[in-house]
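So the protein lines, in turn, are chains A and B. According to this note's numbering, the first sequence is numbered sequentially starting from 6. According to this note's numbering, the second sequence is numbered sequentially starting from 580. For glycine and all other residues, C-beta sits at the position ideal for the given N, C-alpha and C. As the structure is a prediction and not an experimental result, all values here were calculated from the model. Encoded as structure tokens, the structure appears first; notes follow it.
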Amino acid sequence: MAHPPKNAEKFANPVVQWIDERLPIFTMLIKEYGVFPMPKNCNYLWSFGGIAMTMLGIMIATGILLAMSYTPHNTLAFESVERTMRDINFGWLLRYVHMNGASFFFIAVYIHMARGLYYGSYKKPRELLWIVGVIILLLMMATAFMGYALPWSQMSGWGVTVITNMFSAIPLVGDGLVTWLWGGFAVDNPTLNRFFALHFLLPFVIAGVVFIHVWALHMTGSNNPTGVEPKSSKDTVPFAPYFSTKDSFAMVVYLTIFFAVVFFAPLALTEVDHFRQFDPMQTPPHIVPEWYFLPFYAILRAITFDISIPFTGILIAPAKLLGVMAMFGSIILLMFLPWIDGNAVKSARYRPTYKMMLLFLLVSFFGLMYSGAKPPEGMPLYIGQAGTVYYFGHFIILFFLSRREKTLPVPNSISEDPCVKK
Amino acid sequence: MKKILPLLAAAVLLAAPAFASEGVELDHKKWQHQGVFGTYDKAAVQRGYQVYKEVCSACHAMKFMAYRNLADLGYSEAQVKAMAAEFNVTDINDDGEAYDRPARPSDHFKSPFANDRAARAANGGALPPDLSLVVKARAGGEDYVYSLLTGYVDKPANFELLAGLNYNKYFPGHQIAMAKPLSEGQVTYGDGTTSSVEQMAKDVTQFLAWAGEPHMEQRKGMGIKVMLFMFAFCGIMMASKKKIWAKVH
Numbered sequence: 006m007a008h009p010p011k012n013a014e015k016f017a018n019p020v021v022q023w024i025d026e027r028l029p030i031f032t033m034l035i036k037e038y039g040v041f042p043m044p045k046n047c048n049y050l051w052s053f054g055g056i057a058m059t060m061l062g063i064m065i066a067t068g069i070l071l072a073m074s075y076t077p078h079n080t081l082a083f084e085s086v087e088r089t090m091r092d093i094n095f096g097w098l099l100r101y102v103h104m105n106g107a108s109f110f111f112i113a114v115y116i117h118m119a120r121g122l123y124y125g126s127y128k129k130p131r132e133l134l135w136i137v138g139v140i141i142l143l144l145m146m147a148t149a150f151m152g153y154a155l156p157w158s159q160m161s162g163w164g165v166t167v168i169t170n171m172f173s174a175i176p177l178v179g180d181g182l183v184t185w186l187w188g189g190f191a192v193d194n195p196t197l198n199r200f201f202a203l204h205f206l207l208p209f210v211i212a213g214v215v216f217i218h219v220w221a222l223h224m225t226g227s228n229n230p231t232g233v234e235p236k237s238s239k240d241t242v243p244f245a246p247y248f249s250t251k252d253s254f255a256m257v258v259y260l261t262i263f264f265a266v267v268f269f270a271p272l273a274l275t276e277v278d279h280f281r282q283f284d285p286m287q288t289p290p291h292i293v294p295e296w297y298f299l300p301f302y303a304i305l306r307a308i309t310f311d312i313s314i315p316f317t318g319i320l321i322a323p324a325k326l327l328g329v330m331a332m333f334g335s336i337i338l339l340m341f342l343p344w345i346d347g348n349a350v351k352s353a354r355y356r357p358t359y360k361m362m363l364l365f366l367l368v369s370f371f372g373l374m375y376s377g378a379k380p381p382e383g384m385p386l387y388i389g390q391a392g393t394v395y396y397f398g399h400f401i402i403l404f405f406l407s408r409r410e411k412t413l414p415v416p417n418s419i420s421e422d423p424c425v426k427k
Numbered sequence: 580m581k582k583i584l585p586l587l588a589a590a591v592l593l594a595a596p597a598f599a600s601e602g603v604e605l606d607h608k609k610w611q612h613q614g615v616f617g618t619y620d621k622a623a624v625q626r627g628y629q630v631y632k633e634v635c636s637a638c639h640a641m642k643f644m645a646y647r648n649l650a651d652l653g654y655s656e657a658q659v660k661a662m663a664a665e666f667n668v669t670d671i672n673d674d675g676e677a678y679d680r681p682a683r684p685s686d687h688f689k690s691p692f693a694n695d696r697a698a699r700a701a702n703g704g705a706l707p708p709d710l711s712l713v714v715k716a717r718a719g720g721e722d723y724v725y726s727l728l729t730g731y732v733d734k735p736a737n738f739e740l741l742a743g744l745n746y747n748k749y750f751p752g753h754q755i756a757m758a759k760p761l762s763e764g765q766v767t768y769g770d771g772t773t774s775s776v777e778q779m780a781k782d783v784t785q786f787l788a789w790a791g792e793p794h795m796e797q798r799k800g801m802g803i804k805v806m807l808f809m810f811a812f813c814g815i816m817m818a819s820k821k822k823i824w825a826k827v828h
């Protein structure tokens, strides 16, 4: 057995040195968060990854504390949440931070993803980094959906009913699958129990996948607004103190906005039916998911036609199945983005056509969000359908266009970018 | 990026109406407890409790409220004890037998009916909703509750009203099982306030708003401190960021 060479004395503190020789935590921290080279031109949009991680931490911390006074039973859940709000010291604060924290987690992640789209952060060599990110988004959605069920309000129960019923669209096994998911023949106590168990588990899975995401990031390093990889030490600055202070500043500003909502408008992002106990006999007039699901909900409802073989009446795919496929497809599609976009230029700064396309994508995202909040009829439905067409069209157009797209000259290096001050 | 920001803002504004509530235009009132610095009008909330106790509680439960919560309205411990003792609740004694005793501050508000079925049976099949969270659980909040209570007007001539239901201008569908609950001079306020329908509706609405969000004043008070701290924190972080980056820029 060859022993690894003993580290030269790196740390002045003998305790630190002793630990580091046996478990190089400090060496790792210095490498990844001390001297780690960051492109010096990364703007504040690069802070949202760290902000999202902070939100995950806040969600886990408040979630564990909330779970201590929560009862996952269909007759007691609503009351236990109310008792937490009223009778637990600062229970109202925990719940409002957790409730609004979900929204602010999604806001941070959506901005983080939009930044990735704009500056081409999904491209070689960051394809896996991007794919792991999409997996985090899917896990977040599952977690948020199950968390929404826990207060067992009208919105919880009916939201669960609508979303789990989607799986009944799957041919042959659909109905059996839904019964299996519910743990019975209706959304009931077994459903709530398993949702609670999974809602408690998944955030830790997310934390694990985030670790992989950050690991992959630290292999390739961060992208930057030019999309040109750093060529020399002139292009980069060490993470500490430059980005540790920049990201912390951004994080504090973000948390300020977050706390303004938590303390002064904690119900601004919530539906009123979230304060009525779930009644399986009474459907609310208008079931809507949380705002961060609205664009995908709109895609689900945009498909209003069946596909059948013409003149034979043989149904190939009913509208419901197509809607479900479109909804899941809209996110799965993102995983293929590194290969859909065939242009070697990363940053949209040098891709005027792609920049316009992204603008349309953004407009269709908000259009879909509007559509998802309205009953699926008339104008909102048409907006949802137009948004759906563009959402998928965007990636199809991108596939063909990116391979012959005219781009603007890209600077040789970050330091030579005229936008970067010397 | 800079060119896109205004467009992004426009897109957000366009999407915003999606979250606005729909329906009949409510009778909007100015509520003292709304806004960043708004606090409950304690006198109004106290009067509102009287309206709830003497009128609403005949049919509507408030199961999340306990008599001890009334202490937050400025009543002394002895007063709260006396207020609780006005009600008799059923308890189980050491022999396992049910017996009635005066309510204690730790008891929750006494419900008018033993269960939902009893409530429906006594109210022509309609279930009077629990009012603990009613202001938070209705689109329009305080304005909706106030409008509903004052919205009993004569039905339009061509309106077909089902038997046993009442016309209300603001209730979705305009047919409500609850009969007009408030009438002029129904309660006698201790502080000499004239008990007009509007006054009672206003008071009870503020009571219900307080009941739905009893920690609001604590929340806003803490919020102001948190905001001041965060603003200072932002300033310090901005200054240190600028100082450190001065060498790079």
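Q.
Threshold first: 4 residues or longer. Then list the alpha helix (DSSP H) segments lying entirely within the stretch 622-705 of chain B, N to C.
A. Runs of the alpha helix (DSSP H) inside the stretch 622-705 of chain B: 656-664 and 695-701.
Q. Hey, how far is the Cα of Met-817(B) from the Cα of Phe-254(A)?
A. What you label residue 817(B) is simply residue 238 of the second sequence in a count that begins at 1. What you label residue 254(A) is simply residue 249 of the first sequence in a count that begins at 1. Distance between the alpha carbons of Met-817(B) and Phe-254(A): 6 Å.
Q) Going by C-alpha distance, which of His-218(A), Thr-184(A), Tyr-75(A) and Tyr-115(A) is nearest Gly-96(A)? A) Mapped onto the first sequence, residue 96(A) falls at position 91. When only C-alpha atoms are compared, the closest one is Tyr-75(A).
Q: Out of Phe-301(A), Lys-360(A), Gly-318(A) and Gly-55(A), state which residue places its alpha-carbon closest to the alpha-carbon of Met-171(A).
A: Within the first sequence, the letter at position 166 stands for residue 171(A). Closest in C-alpha terms to Met-171(A), from the list Phe-301(A), Lys-360(A), Gly-318(A) and Gly-55(A), comes Phe-301(A).
(Q) Just verifying my parser: in three-state terms, what is the DSSP assignment at Asn-745(B)? (A) Locating residue 745(B) in the second sequence gives position 166, counting from the first residue. In the structure shown, Asn-745(B) sits in a strand (DSSP, three-state: E or B).
Q.
Less than 7 Å between C-beta atoms, sequence neighbours within five positions excluded: which residues of the same chain meet that for Lys-251(A)?
A. Within the first sequence, residue 251(A) is the residue found at index 246, counting from 1. For Lys-251(A), the CB contacts under 7 Å within the same chain, skipping 5 residues up- and downstream, are Ser-52 in chain order.
Q. Excluding five sequence neighbours on each side, which residues of the same chain lie with their C-beta closer than 8 Å to the C-beta of Tyr-38(A)?
A. Position 33 of the first sequence, counted from the first residue, corresponds to residue 38(A). Taken in chain order, the residues that qualify are Phe-244, Ala-245 and Ser-249.
Q: In angstroms with no decimal places, state the Cα-to-Cα distance between Val-103(A) and Ile-63(A).
A: Looking up residue 103(A) in the first sequence gives position 98. Looking up residue 63(A) in the first sequence gives position 58. Note that residue 103(A) is His in the sequence shown here, rather than Val. Going by the C-alpha atoms only, they are around 8 Å apart.
Q: Could you tell me which chain A residues have their CB closer than 8 Å to the CB of Leu-638(B), listed as they occur along the chain?
A: In the second sequence, the residue the question calls residue 638(B) occupies position 59. The question names Leu, but residue 638(B) in the sequence shown is Cys. Here the premise fails: no neighbours, minimum Cβ distance about 18 Å.
**Q.** Beta-carbon neighbours of Phe-269(A), restricted to chain B and to distances below 8 Å
**A.** Along the first sequence, one-based indexing puts residue 269(A) at 264. From the beta-carbon of Phe-269(A), the residues of chain B found nearer than 8 Å are Val-615, Lys-799 and Gly-802.
Q. If we cut at 8 Å on Cβ distances, does Lys-609(B) have a partner in chain A?
A. Taking the first residue of the second sequence as 1, we reach residue 609(B) at position 30. With 8 Å as the cut-off, Lys-609(B) does not count as an interface residue toward chain A.
Q | Euclidean distance between Cα positions of Ala-661(B) and Gln-785(B) | A | Position 82 of the second sequence, counting from 1, holds the residue named residue 661(B). Position 206 of the second sequence, counting from 1, holds the residue named residue 785(B). Approximately 23 Å between the Cα atoms of the pair.
Q | Nearest to Ala-780(B) (by Cα), restricted to the options Asp-673(B), Gln-625(B) and Gln-754(B) | A | Start at 1 with the first residue of the second sequence, and residue 780(B) comes out as number 201. For Ala-780(B), the closest C-alpha among the options Asp-673(B), Gln-625(B) and Gln-754(B) is that of Gln-625(B).
Q. Is it buried or exposed for Lys-45(A), if we count other Cβ within 10 angstroms and need 16 for buried?
A. Working through the first sequence from its first residue, we reach residue 45(A) at position 40. Lys-45(A) is buried by the Cβ-count criterion.
Q. Looking only at its own chain, which residues have a Cβ that is under 8 Å from the Cβ of Pro-793(B), when we skip the five neighbours before and after it?
A. Locating residue 793(B) in the second sequence gives position 214, where the first residue counts as 1. Same-chain partners within the cutoff: Asn-648 and Asp-651.
Q: Measuring only between beta-carbons, confirm whether Arg-717(B) sits less than 8 Å from chain A.
A: Here residue 717(B) refers to the residue found at position 138 when the second sequence is read from its first residue. Cβ-Cβ to chain A under 8 Å: yes for Arg-717(B).
Q. Should the stretch 101-119 of chain A be regarded as contacting the stretch 312-328 of chain A, the criterion being three or more beta carbon pairs within less than 8 Å?
A. Taking 8 Å as the limit for Cβ pairs, the verdict is that the stretch 312-328 of chain A does not touch the stretch 101-119 of chain A.
Q.
Taking its Cβ as the centre, do 16 or more other Cβ atoms sit within 10 Å of Ser-685(B), making it buried, or is it exposed?
A. Taking the second sequence and counting its residues from 1, the one referred to as residue 685(B) is at position 106. Exposed is the call here.
Q: Mind listing the chain A neighbours of Trp-789(B)? Cutoff is C-beta to C-beta under 8 Å, in chain order.
A: Along the second sequence, read from residue 1 onward, the residue named residue 789(B) stands at position 210. Listed along the chain, the chain A residues whose CB falls inside 8 Å of the CB of Trp-789(B) amount to none; the nearest CB is some 12 Å away.
(Q) Checking the sheet assignment: what are the DSSP bridge partners for Leu-320(A)? (A) Within the first sequence, residue 320(A) is the residue found at index 315, counting from 1. DSSP, once it has assigned bridges, lists Ser-313(A) as partnering Leu-320(A).
(Q) Alpha carbons only, please: which of Met-384(A), Leu-61(A), Ile-419(A) and Leu-98(A) is nearest the one belonging to Val-215(A)? (A) Counted from its first residue, the first sequence places residue 215(A) at position 210. Of the candidates Met-384(A), Leu-61(A), Ile-419(A) and Leu-98(A), Leu-61(A) places its Cα closest to the Cα of Val-215(A).
Q. Could you give the residue range of the beta strand (DSSP E) that holds Met-43(A)?
A. As a first step, residue 43(A) must be located in the first sequence, where it is residue number 38. Start and end: 42-44.
Q.
For a cutoff of 8 Å on Cβ pairs, would you count Glu-87(A) as touching chain B?
A. Start at 1 with the first residue of the first sequence, and residue 87(A) comes out as number 82. Interface residue, yes.
Q) Among Tyr-115(A), Ser-158(A), Ser-237(A) and Phe-209(A), which one has its Cα closest to the Cα of Pro-77(A)? A) Position 72 of the first sequence, counting from 1, holds the residue named residue 77(A). The residue from Tyr-115(A), Ser-158(A), Ser-237(A) and Phe-209(A) with its alpha-carbon nearest to that of Pro-77(A) is Ser-158(A).
Q) Buried or exposed: where does Gln-613(B) fall if 16 or more other Cβ atoms within 10 Å of its Cβ makes it buried? A) As a first step, residue 613(B) is located in the second sequence; it is residue number 34 there, counting from the start. That one is exposed.
(Q) Taking CB distances under 8 Å as the criterion, tell me whether Lys-820(B) reaches chain A. (A) By 1-based counting over the second sequence, the position of residue 820(B) is 241. It does; some Cβ of chain A falls within 8 Å.
Q) Looking at chain B, which residues of the stretch 249-266 of chain A have a Cβ within less than 8 Å of any of its Cβ atoms? A) Within the stretch 249-266 of chain A, Thr-250, Lys-251, Ser-253, Phe-254, Val-257, Val-258, Leu-260, Thr-261, Phe-264 and Ala-265 place their CB atoms closer than 8 Å to a CB of chain B, listed in sequence order.
Q. Thinking C-alpha only, which one of Glu-276(A), Leu-342(A) and Pro-29(A) is nearest Phe-405(A)?
A. Here residue 405(A) corresponds to residue number 400 of the first sequence, with the count starting at 1. Among Glu-276(A), Leu-342(A) and Pro-29(A), the Cα nearest to that of Phe-405(A) belongs to Leu-342(A).
**Q.** Within 8 Å, strictly: CB atoms of Lys-715(B) and Leu-272(A)
**A.** Here residue 715(B) corresponds to residue number 136 of the second sequence, with the count starting at 1. Here residue 272(A) corresponds to residue number 267 of the first sequence, with the count starting at 1. Result yes, Cβ atoms of Lys-715(B) and Leu-272(A) sit closer than 8 Å.
Q) According to the neighbour-count rule (16 or more other Cβ atoms, all chains shown, within 10 Å of its Cβ), is Arg-281(A) buried or exposed? A) The residue you call residue 281(A) lines up with position 276 of the first sequence. The residue in question, Arg-281(A), is buried, as its Cβ has 16 or more Cβ neighbours within 10 Å.
Q.
Any beta carbon of chain B sitting closer than 8 Å to that of Pro-243(A)?
A. Here residue 243(A) refers to the residue found at position 238 when the first sequence is read from its first residue. No, because no Cβ of chain B sits closer than 8 Å to the Cβ of Pro-243(A).
Q. Roughly how many angstroms separate the alpha carbons of Glu-601(B) and Val-732(B), rounded to a whole number?
A. The residue labelled residue 601(B) in the question sits at position 22 within the second sequence. The residue labelled residue 732(B) in the question sits at position 153 within the second sequence. Low confidence applies here, because Glu-601(B) scores a pLDDT of 45, under 50, leaving its location unreliable and the question unanswered by this model.
Q) If we cut at 8 Å on Cβ distances, does Phe-812(B) have a partner in chain A? A) Here the question's residue 812(B) lines up with position 233 in the second sequence. True, the Cβ-Cβ gap to chain A drops below 8 Å.
(Q) For Asn-94(A) and Phe-31(A), what's the separation of their Cα atoms in angstroms? (A) Locating residue 94(A) in the first sequence gives position 89, where the first residue counts as 1. Locating residue 31(A) in the first sequence gives position 26, where the first residue counts as 1. Distance between the alpha carbons of Asn-94(A) and Phe-31(A): 38 Å.
Q | Close-in-space but distant-in-sequence residues of the same chain around Ser-636(B) (CB under 7 Å, 5 per side omitted) | A | Stepping through the second sequence from its first residue, residue 636(B) is reached at position 57. Residues of the same chain with a CB within less than 7 Å of the CB of Ser-636(B), apart from the 5 flanking positions on each side, are Pro-691 in chain order.
Q) Given a threshold of 16 other Cβ atoms within 10 Å of its Cβ, counted over all protein chains shown, does His-291(A) qualify as buried or as exposed? A) Mapped onto the first sequence, residue 291(A) falls at position 286. Exposed, by the Cβ-count rule.
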